[in-house]
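Notes to accompany the following structure.
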Amino acid sequence: MKKHWKVLIGVVIIGLGIGYYLVSTNQLTVGLSNEKVKMTNGNRIKLTSQQALLMTADGQVLLDKGKDKRIKPASLAKIMTAILAIELADQYGQELTKPVLVSGDANERLLIEGASVAGFQPNVYVTVEEMLYGLMLPSGADAAIALAITTAGSEEVFTDLMNEKAKELEMMNTHFTNGYGTEEANQYATLSDLAKLLLYSLKNETFRTVFTTDYYQDETYSFTSSLFSKFGDPQLKNGHLLGGKTGYTEEAGLCLATLAEVKGQEYILITVGAKGDHTTEQFNMIDARTVYDSL
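Residue numbers (UniProt numbering): 1 to 295.
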């Protein structure tokens with residue numbers, strides 16, 4: 001009899017446990033699936049990105065999902081690399097179309113780090129213009145290193161200048177340890193800081209041209225924008241995508257910084273932490289279209 005009651009009590013306990021698990025799991029799933037972010041126009045939208053920031057060209061915030069949380073910038077760090085290299089080249093009178101010798105071979109190191117490359121070979125002549133497009137379109141880490149050495153003399157000096165530029169732009173929660181965005185403990189930023197950087201950079205004609213280019217080709221190189229090749233139709237509900245920069249690391253997730261024109265007005269959107277990777281559906285781009293189509 002006692003044995004019978006023990007078995008019965010055990011079954012009841014197990015049943016209650018399973019029931020609690022199913023209820024709590026269902027609540028969690030529903031909570032996540034129904035999570036929405038409110039825009040200033042009143043629209044509520046679902047985003048897979050962990051952080052997101054939408055702003056007008058004059059800096060007005062229209063959507064804020066964790067804009068001041070410290071994040072890993074991944075290849076969005078290359079935005080700083082690009083604008084700094086452009087300004088250094090101008091400062092020292094370096095012509096963007098003049099070939100310079102690219103020495104050293106960082107490709108093996110970059111391969112180990114899992115970084116993407118544009119395909120520049122060591123000990124060949126490359127123009128700063130080619131480096132810029134190789135940096136921003138296929139997200140070449142080799143281009144970042146070549147730009148650093150060409151414009152600042154070394155990666156170390158260039159990285160120091162990146163941090164000086166960040167301070168100048170009052171990016172108070174940002175620190176760079178390299179110019180191409182691979183994960184390092186002391187490399188971090190916030191969406192607020194990256195937005196300051198992007199808005200500043202877009203005022204530079206050369207940067208804006210590179211940032212909004214979908215395909216580049218000269219006599220030696222050709223590069224396709226990883227953004228435009230994966231985004232699909234750049235036409236939006238009430239406008240069109242103008243340009244952007246992709247990013248990904250395992251820790252940062254899928255990242256994206258974009259410029260779009262909607263209803264005759266320009267906006268920037270920065271997102272990080274979307275699920276997936278290079279081989280999956282591009283949820284960062286789905287988020288971008290969702291946001292812009294909700295304006």
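Where a beta carbon is used, it is the ideal one built from N, C-alpha and C, also for glycine.
Note to self: Taking contact to mean 3 or more Cβ pairs, one atom from each stretch, closer than 8 Å, check whether the stretch 268-282 and the stretch 93-102 are in contact.
What the structure shows: no
Margin query: Can you tell me whether Val61 is buried or exposed? The criterion is at least 16 other CB atoms within 10 Å of its CB, across all chains shown.
Written below: exposed
Item checked: Assigned secondary structure, Ser226 (DSSP; H/G/I helix, E/B strand, else coil) -> helix
Note to self: Measuring only the C-alpha atoms, how far is Lys196 from Asp58?
What the structure shows: 10 Å
Notebook entry, point to check: What residue range is occupied by the uninterrupted alpha helix (DSSP H) comprising Thr213?
Noted result: From DSSP, Thr213 is part of no alpha helix (DSSP H); its letter is neither H nor E.
Notebook entry, point to check: By Cβ distance, which residues of its chain are closer than 6 Å to Glu251, with the 5 residues on each side in sequence left out?
Noted result: Lys72 and Glu183
Next item on the list: Per DSSP, which residues does Gln50 bridge with? Please list them.
Entry: In the DSSP output, where bridge partners are listed per residue, Gln50 has none listed.
Checklist line | Classification of Tyr125 by the beta-carbon crowding that lies within 10 angstroms, buried from 16 upward | finding: exposed
Next item on the list: Give me the Cα-Cα distance between Thr25 and Leu169, rounded to the nearest whole angstrom.
Entry: Model confidence at Thr25 stands at a pLDDT of 35, short of 50, so the residue's coordinates are unreliable; what they give is reported in the following sentence. Thr25 and Leu169: Cα-Cα distance of roughly 45 Å.
Notebook entry, point to check: Rounded to a whole number of angstroms, what is the C-alpha to C-alpha distance between Ala82 and Val37?
Noted result: 32 Å
Note to self: 7 Å is my cut-off, CB to CB: does Gly134 come that close to chain D?
What the structure shows: In the displayed structure, chain D is absent; only one protein chain is listed.
Next item on the list: Whole angstroms is fine: what's the gap from Leu256's alpha carbon to Thr177's?
Entry: 20 Å
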